[in-house]
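>
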Amino acid sequence: MIRILKPKVEVIAELRSSDMDPIDLIVYGAYSTIKKDSSTTLKKRDLTDGSIDKRRNRILNVTLESGHLSVLDQAVYTIYISDIPRLATLFMVQDRKS
5 MIRILKPKVE VIAELRSSDM DPIDLIVYGA YSTIKKDSST TLKKRDLTDG SIDKRRNRIL
65 NVTLESGHLS VLDQAVYTIY ISDIPRLATL FMVQDRKS
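Set out below in structure tokens:
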């Protein structure tokens, strides 16, 4: 008998700080590697001068296009997934290097 699965996905938690959402953690974490100020100082400066949206887009584009994907590790989500094939769960937890 074939059973049709209807997967369910729900984000149940995300890493946040009092002043940064997950995207800001990525953007300003990456940006602070080329500037001498902290990520929170850089974000506050961008909020003050109104350049935050432009900065987010630029840093994300440059970082991801260059293949520097390790900055994505700074955004952490906990996701609940149900009703998926066992093979899919094995694929999701495998070591990325293999």
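Per this note's numbering, the sequence shown runs over residues 5 to 102.
Quick reminder that beta carbons are idealized off the backbone N, C-alpha and C, glycines included.
So what does DSSP say about I83, is it helix, strand or coil?
It is a strand residue.
> Please check the pair I38 and Q78, which I expect to be a contact at CB under 8 Å, by giving their CB distance rounded to whole angstroms.
Not a contact, Cβ separation roughly 15 Å.
> How close, in whole Å, do the beta carbons of K47 and D28 come, if the pair is a contact with beta carbons under 8 Å?
6 Å between Cβ atoms; contact.
> Since D87 contacts K10 with CB under 8 Å, what's their CB separation in whole angstroms?
About 6 Å separates the two Cβ atoms, so the contact holds.
> Look up K47 in the DSSP assignment and say whether it is helix, strand or coil.
DSSP places K47 in helix when its eight states are reduced to three.
> Quick check on T52: buried or exposed, where buried means 16 or more other Cβ atoms within 10 Å of its Cβ?
The residue is exposed, with fewer than 16 neighbouring Cβ atoms inside 10 Å.
> When you compare the CB positions of E18 and Y84, do they come within less than 8 Å of one another, or not?
No. Outside cutoff.
> What does the alpha-carbon distance come out to for the pair R60 and Q98?
Whole-angstrom Cα-Cα distance: 31 Å.
> Exposed or buried, what is T103 when buried is set at 16 or more other beta-carbons lying within 10 Å of its beta-carbon?
In the structure displayed, the chain extends from 5 to 102; residue 103 sits before or after that span and is not available.
> What whole-angstrom Cβ distance do Y32 and S22 have, given they're in contact under 8 Å?
The pair is not a contact, with the Cβ atoms about 14 Å apart (cut-off 8 Å).
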